[in-house]
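In the working numbering, the protein residues as written are 3 to 380.
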């Protein structure tokens with residue numbers, strides 16, 4: 003669907019899911035699900051400020067469940083939209099997605115120049131061809147639409163690896179390649195010869211030469227959105243008694259030793275849930291980036307201390323029906339002051355994962371389990 007300013011995308015929950023499986027609708031109405039995840043593909047996300055999610059029942063808008071999702075959050079979650087569902091009896095019928103577009107100067111109606119776009123490329127002789135004018139060009143598929151009403155500007159600006167502006171003995175041209183009524187790309191033709199900005203000699207690009215491309219794209223207050231898979235997050239067993247237990251979490255803890263397991267469950271300095279990634283799993287080789295902001299100032303205040311002692315960063319999965327796979331952990335320190343110091347590290351989070359199986363009876367709330375720990379844990 004293409005949503006312009008003022009448009010809404012409505013998902014008929016009862017009509018779509020009810021036709022597939024009425025039991026799913028019954029479970030939604032009885033509050034058995036926490037969230038509905040939508041796997042989406044969004045184009046022109048740069049124009050979006052917020053995506054508002056509204057839920058409707060027989061009485062109209064369920065205002066308590068209205069969500070505002072920022073464009074940054076959508077990008078961070080790989081365009082997965084998490085819709086919070088009511089966990090009590092309800093008559094939910096429809097979900098509406100409402101884009102709220104940017105209104106800053108770049109996206110105002112007064113912007114007749116367009117939006118500046120940048121693209122870095124390497125010269126590839128395999129993409130060089132001779133056009134009808136018998137001159138050689140390299141074809142470049144642009145990542146954004148091209149503004150062709152120039153208003154005194156050049157079609158595109160090309161810079162070398164020293165960011166020197168390059169001029170050409172013949173003009174840059176373009177074509178619009180239409181693959182279908184709704185899918186198209188702008189192809190830019192960059193001349194193979196250029197004028198050296200230092201010597202005014204006419205030179206030829208060589209394989210591997212890096213050039214930077216700057217061009218303008220039209221201002222578009224519109225959003226292309228496609229919805230693929232859906233995932234319903236179940237409340238889980240005994241949810242009402244343990245609403246504070248997430249599917250996965252990250253903890254900062256202070257323990258006396260690696261083997262003091264009882265100390266890992268008390269005195270958390272920091273505890274935050276990790277959102278599910280139902281469409282990004284190790285099985286399809288997709289990973290999602292999870293950003294966790296640690297505000298140490300507030301942590302100091304909560305402990306009434308100027309020193310925050312913690313020995314471990316713990317990633318925990320309290321619910322045994324879920325699995326957490328970690329590909330990489332990156333720790334970044336933000337600073338508003340210039341510095342010449344930098345550093346990085348990477349390494350295996352763990353060497354092997356040990357699995358132990360347990361059988362639960364019909365009343366698992368009274369069960370107790372003991373890990374055999376046949377191998378030494380990290």
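All C-beta atoms, glycine included, are put in the ideal place defined by N, C-alpha and C.
Per-residue DSSP class, three states only, for residue i
i, result
"residue 31", "helix"
"residue 275", "strand"
"residue 107", "helix"
"residue 97", "strand"
"residue 193", "strand"
"residue 51", "strand"
"residue 353", "Bear in mind that a pLDDT of 44 at residue 353, under 50, signals an unreliable position, so the number given afterwards is only what the model happens to contain. Coil, per DSSP."
"residue 24", "helix"
"residue 131", "strand"
"residue 300", "helix"
"residue 6", "strand"
"residue 144", "coil"
"residue 217", "strand"
"residue 346", "Note that residue 346 scores a pLDDT of 49, beneath 50, so its modelled location is shaky; the value from the coordinates is reported in the next line. Of the three classes helix, strand and coil, the one that applies to residue 346 here is coil, per DSSP."
"residue 169", "strand"
"residue 67", "helix"
"residue 87", "coil"
"residue 266", "helix"
"residue 139", "strand"
"residue 12", "strand"
Distance CB(residue i)-CB(residue j) smaller than 8 angstroms
i, j, result
"residue 274", "residue 294", "yes"
"residue 146", "residue 92", "no"
"residue 65", "residue 224", "no"
"residue 227", "residue 44", "yes"
"residue 141", "residue 129", "yes"
"residue 255", "residue 309", "no"
"residue 16", "residue 98", "no"
"residue 219", "residue 119", "yes"
"residue 191", "residue 204", "no"
"residue 189", "residue 125", "no"
"residue 34", "residue 236", "yes"
"residue 52", "residue 102", "yes"
"residue 217", "residue 144", "yes"
"residue 76", "residue 37", "no"
"residue 80", "residue 231", "no"
"residue 121", "residue 234", "no"
Exposed unless 16 or more other CB atoms sit within 10 angstroms - verdict on residue i
i, result
"residue 160", "buried"
"residue 95", "buried"
"residue 202", "exposed"
"residue 281", "buried"
"residue 39", "buried"
"residue 116", "buried"
"residue 21", "exposed"
"residue 272", "buried"
"residue 207", "buried"
"residue 27", "buried"
"residue 332", "exposed"
"residue 139", "buried"
"residue 114", "exposed"
"residue 82", "buried"
"residue 193", "buried"
"residue 152", "exposed"
"residue 279", "buried"
"residue 50", "buried"
"residue 173", "exposed"
"residue 155", "exposed"
Per DSSP, the bridge partner or partners of residue i
i, result
"residue 44", "227"
"residue 316", "253"
"residue 179", "187"
"residue 62", "59"
"residue 206", "195"
"residue 235", "37"
"residue 117", "219"
"residue 122", "214"
"residue 82", "41"
"residue 159", "216"
Residue-level contact to chain B via CB, residue i, 8 angstroms cutoff
i, result
"residue 325", "Among the chains of the structure shown, chain B does not appear; only one protein chain is present."
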